[in-house]
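Residue numbers (full-length UniProt numbering): 1 to 464.
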C-alpha cells in the first residue's frame, strides 16, 4: 500500500496529511469529517520522515458486594441494658459483640474508601506550558499534573472532528482527555525522533516498552506503532494483537477497522478477522452498524456479521446515531432508519448525525437544528452549529459565537472571535479564541480556554 494514498490505511476519508508550514502554527482546512474547520499544525521544524496518521471499553470496575444485613434485634432487647436474670456477664458479652462489630465496620469502611480511591478515575484535561510540555488540569482548572513529556499527543492530533462517521463526540473527547487509567505520552523533539509510552495519573511511566506512535485506550486496547506496523496492547502492556497492519484504527464497540492486502476489514478484541477486508475504507461501529466505502467510492452499511444492511448505496453518508443516519440522495441529505426507509425527507444541503435528540442541518450555507420528527426547532441562521451535548452546542452566527440551547438562544456568549469550540464533556468545554493582529503582540494566534457550564474560564493556555 502506498503512503498518502487517498482513502488509504493511514488517513480517514476526507482528512488530509499533516504538512509543515514554516510561517504558520495552525492551518484551517475544510475537513469532511469535521463540522468546524479546525486542525492544529505542528510548529516550525525541519520536516521529518513522514509519519502516518492514526486514528478509544469503559474502565471495568469490580463490583463490591453489599455488606450483609445485620442480625435483627428485638426492640426491647437493648444489649446495653443489664439482663436482670443473667446479670453483668450478659452485658459484657453484648458489649464485646458490639465492639467487634464496630471494629469490623471501621475496617470495612476504610477498605471501601481505599477501594474507591484506587478505582476512581477523574477526568483530567490536557494543557501545555511555556516549554510546550504536557500537563493536566482538573475540572476546576487547577494544575494537578506536570509530566515533562512533549505535547505532541494530544495537542497536534486534536481536531474539532465531529465523529460523524460513527465515533460521536464522547469518543472524540475520550481520545484526548485523561479519562482512562493510562494516557499516551511522548518524549523527544516534536515531529522528530519521538518515543511514546503510557503514564498513569501520577505521571509515572507504567510500561518499559516504547513505541513510535500510540493512541488512547478504548475497549481495553490501545493502538500502537512499531516499525511502521500497527498492533494493539492491553492495559498490562502486553502486545495482544501483533503489530502487523499497515493501517488500523482504535477499537469501538468491540471492533477495530484494519487494513490487510490494501483493503479494510474488522478484527475483534482477540485479533480475529471477523469481517473480511473487502472495503476501500471502513469506519467505526455504532449501534451495531458500520459505514463502509466501496471501491467505486459509494457508501453502504453493514452489520456486525459483515452483512450488507441496506441494498441502497450512497454518494455520501454518515454513521448511525439514535437509530438514524444522514445520507445523500440526488444531491440532498435526509435521514434513513436501519431498514433503509427515508424517515426525514432528503431536503438539506448538509446534515449531521443526531445526538441528544437533535441534529444539525444546513441550507444555503446556513445551519439550523431539527428534532427526530424532522421539525425545524432552530431556524438555519447560523454559520456553524456543533453537537448538542447536555443541552448545549457551540455555534457561530454573524458577529456572535458561544453555546446555544435547544431553542437557539445563546446561553453562553463569548466575547471575541471564537470560531472553534468543543462539546462539553463532564461539565467542561474547550474553546479556542482567535487573537487579532498576533504579529503586533507575542505572535500568539490562538488562546485555548476551558470553561464551565456558567461560561466562566477555569483555565487557559497558549500552545505557541
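By construction, the Cβ of each residue, glycine as well, lies at the ideal position given by its N, Cα and C atoms. Values in this document were obtained by computation on a predicted structure and should not be read as measured data.
Compare the C-beta of residue i against all C-beta atoms of chain D and say whether one is closer than 9 Å.
{"i": "residue 311", "result": "Reference to chain D is not applicable here, since this structure consists of a single protein chain."}
Helix, strand or coil, according to DSSP, for residue i in the structure here?
{"i": "residue 169", "result": "helix"}
{"i": "residue 155", "result": "helix"}
{"i": "residue 174", "result": "helix"}
{"i": "residue 277", "result": "strand"}
{"i": "residue 179", "result": "coil"}
{"i": "residue 303", "result": "strand"}
{"i": "residue 133", "result": "strand"}
{"i": "residue 210", "result": "coil"}
{"i": "residue 365", "result": "coil"}
{"i": "residue 205", "result": "strand"}
{"i": "residue 241", "result": "strand"}
{"i": "residue 269", "result": "coil"}
{"i": "residue 250", "result": "coil"}
{"i": "residue 220", "result": "coil"}
{"i": "residue 456", "result": "coil"}
{"i": "residue 150", "result": "strand"}
{"i": "residue 228", "result": "coil"}
{"i": "residue 286", "result": "strand"}
{"i": "residue 235", "result": "coil"}
{"i": "residue 372", "result": "coil"}
{"i": "residue 445", "result": "coil"}
{"i": "residue 58", "result": "In this prediction, residue 58 has a pLDDT of 30, which is less than 50 and means its spatial position is unreliable; what the coordinates show is noted afterwards. Here residue 58 sits in coil by DSSP."}
{"i": "residue 462", "result": "coil"}
{"i": "residue 127", "result": "strand"}
{"i": "residue 298", "result": "coil"}
{"i": "residue 199", "result": "strand"}
Since I believe residue j is in contact with residue i (beta carbons under 8 Å), could you give me their beta-carbon distance rounded to a whole number of angstroms?
{"i": "residue 300", "j": "residue 307", "result": "Between residue 307 and residue 300 the Cβ distance is about 11 Å, and since that is not below 8 Å, they are no contact."}
{"i": "residue 136", "j": "residue 178", "result": "6 Å"}
{"i": "residue 158", "j": "residue 176", "result": "5 Å"}
{"i": "residue 379", "j": "residue 391", "result": "Incorrect: roughly 18 Å between the Cβ atoms, too far for contact."}
{"i": "residue 333", "j": "residue 346", "result": "6 Å"}
{"i": "residue 386", "j": "residue 421", "result": "7 Å"}
{"i": "residue 427", "j": "residue 139", "result": "6 Å"}
{"i": "residue 520", "j": "residue 282", "result": "Since the displayed the chain opens at 1 and closes at 464, residue 520 lies outside it and no answer follows."}
{"i": "residue 458", "j": "residue 446", "result": "Their Cβ separation, rounded to whole angstroms, is 18 Å, which puts residue 458 and residue 446 out of contact at 8 Å."}
{"i": "residue 245", "j": "residue 230", "result": "4 Å"}
{"i": "residue 169", "j": "residue 389", "result": "6 Å"}
{"i": "residue 252", "j": "residue 219", "result": "7 Å"}
{"i": "residue 397", "j": "residue 382", "result": "5 Å"}
{"i": "residue 128", "j": "residue 155", "result": "6 Å"}
{"i": "residue 463", "j": "residue 173", "result": "About 18 Å; that fails the 8 Å criterion."}
Going by DSSP, name the residue or residues bridged to residue i.
{"i": "residue 188", "result": "194"}
{"i": "residue 215", "result": "Looking at the DSSP assignment, residue 215 forms no beta bridge with any residue, so it has no partner."}
{"i": "residue 259", "result": "264"}
{"i": "residue 292", "result": "282, 300"}
Only counting runs of 3 or more residues, tell me where the beta strand (DSSP E) segments fall wholly within the region 309-361, in order along the chain.
325-329, 332-336, 342-348
Beta strand (DSSP E) runs wholly inside the region 379-435, at least 3 long, in chain order
393-397, 400-404, 410-413, 417-421, 429-434
How do the region 180-199 and the region 397-412 stand: do at least 3 beta-carbon pairs fall below 8 Å, yes or no?
no
Given 8 Å, three or more beta-carbon pairs between the region 201-217 and the region 225-232
yes
Taking 8 Å as the cut-off, does the region 338-357 touch the region 122-139 (at least 3 CB pairs, one atom from each stretch)?
no
Between the region 309-322 and the region 190-205, do at least 3 Cβ pairs fall closer than 8 Å?
no
Check whether the region 384-398 touches the region 335-346, taking contact to mean three or more Cβ pairs, one atom from each stretch, closer than 8 Å.
no
Counting pairs of Cβ atoms below 8 Å between the region 272-280 and the region 253-260, do you hit three or more?
yes
Below 8 Å, how does it come out for the region 227-247 and the region 163-177: are there three or more Cβ pairs, yes or no?
no
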